[in-house]
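See structure below.
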């Protein structure tokens, strides 16, 4: 959390520290509006409004004072830091990128050890099969996936992670900042489909893990990996498994029976519950 706080101007960081940082999942910064801490139980509004100079300060610190080097990420609407924090960026779209930044959404990653442990007996029954992790945004898909990777790696599986945005592993100086287990290899920075093919060729994985599958080329890569006998772990934004059927990309994989199980995450009154579904 100290690494998160250093992104903010000192007066803002001091105000944030007066609130429950261990429960904070996201910090919203909108020019002219109060900073908002989003927690699992609701929102906390600070008395300090975000100024344009505050957003410039945050982005400069997050990019290690090299915004130019982060242009590719910014064109995609985000910026990730070395500690696994993703900053969503909103502003004016131009032909050359994103300018006049007006708001930021700072997602704060958490490692919750053993949150996936109660699910293992069902997921490993008759051997591990390709599994979706499904929930609306902000319900904890990435956190559950991260812990599931660690547990499976501890159990002896070779796991490869296509960590496009650096959120799962937070690799810094060639070492993951989150514990993903002793048998996990991480490819970070590249697109999911490109990383998938590289990992299949070079690391001989038993399991391939992805976060937030959204593009047709990612679906093609997953189909290819499944044809190689590799189990897949992936997350998807959806209210439940039934709603996956309404989205053409996911429907393809479900119809082809590439995914055989799913974990639904439900968040109510700050409490998460998990349900394993056979597809």
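Residue numbers (this note's numbering): 8 to 286.
Where is the CB? At the ideal position from N, CA and C, for every residue including glycine.
On a predicted model such as this, the values are computed, not experimentally measured, just so you know.
If you look at residue 37, you'll find it isn't in any alpha helix (DSSP H); it sits in the beta strand (DSSP E) that goes 31-37. In the DSSP assignment, residue 205 falls outside any beta strand (DSSP E) and within the unbroken alpha helix (DSSP H) covering 199-209. Inter-segment contact for the stretch 136-144 and the stretch 183-201 is absent: fewer than three beta-carbon pairs are separated by less than 8 Å. A Cβ-Cβ separation of about 6 Å places residue 190 in contact with residue 164 under the 8 Å criterion. For residue 195, the uninterrupted beta strand (DSSP E) run begins and ends at 191-195, by DSSP. Per DSSP, reduced to three states, the secondary structure at residue 235 is coil, with no helix or strand assignment.
In the displayed model, residue 119 falls within coil according to three-state DSSP, outside both helix and strand. Within the same chain, Cβ atoms closer than 7 Å to the Cβ of residue 68 are found at 13 and 14, the five residues on either side in sequence being excluded. In the three-state DSSP reduction, residue 264 falls in the coil class, being neither helix nor strand. Cβ-Cβ separation between residue 283 and residue 129: approximately 4 Å, consistent with a contact (criterion under 8 Å). Boundaries of the alpha helix (DSSP H) around residue 17: 17-23. In the DSSP secondary-structure assignment, residue 253 is not bridged to any residue. Apart from the 5 residues on each side of it in sequence, residue 228 sits with its Cβ closer than 7 Å to the Cβ of 199, 200, 203 and 204 in its chain, given in chain order. The beta carbon of residue 123 is closer than 7 Å to those of 151, 154, 155 and 158 in its chain, skipping five residues each way along the sequence.
When secondary structure is reduced to three states using DSSP, residue 282 falls in the strand class. Nearest Cα to residue 98 within the set 118, 73, 36 and 46: 36. Spatial neighbours of residue 259 in its own chain (CB-CB distance under 7 Å, excluding positions within 5 residues in sequence) are listed in chain order as 226. Under the DSSP definition of a beta bridge, residue 46 partners with 31 and 49. Taking a contact to require three or more Cβ pairs closer than 8 Å, the stretch 77-87 and the stretch 34-51 do not qualify as touching. When secondary structure is reduced to three states using DSSP, residue 54 falls in the strand class.
Shown here for residue 77: same chain residues with a beta carbon closer than 6 Å to its own, the five before and five after excluded, namely 70 and 86 in chain order. Around residue 246, the same chain offers 143 as residues with beta carbons nearer than 7 Å, after the five sequence neighbours per side are excluded. Of the residues assessed, residue 80 falls on the buried side of the cut-off, its CB having 16 or more other CB atoms within 10 angstroms. In the displayed model, residue 64 falls within a helix according to three-state DSSP. Beyond the five residues adjoining it in sequence on each side, residue 274 comes within less than 6 Å, by CB distance, of 146 in the same chain, given in chain order. Secondary structure note for residue 105: it is in no alpha helix (DSSP H), and the uninterrupted beta strand (DSSP E) holding it is 104-114.
In this structure, DSSP gives residue 275 an extended state, which the three-state scheme calls strand. In chain order, 39, 40 and 41 place their CB closer than 7 Å to the CB of residue 56, counting only its own chain and leaving out the 5 sequence neighbours on each side. Distances from the CA of residue 50 to each of 222, 28, 104 and 192 were compared; the closest alpha carbon is that of 28.
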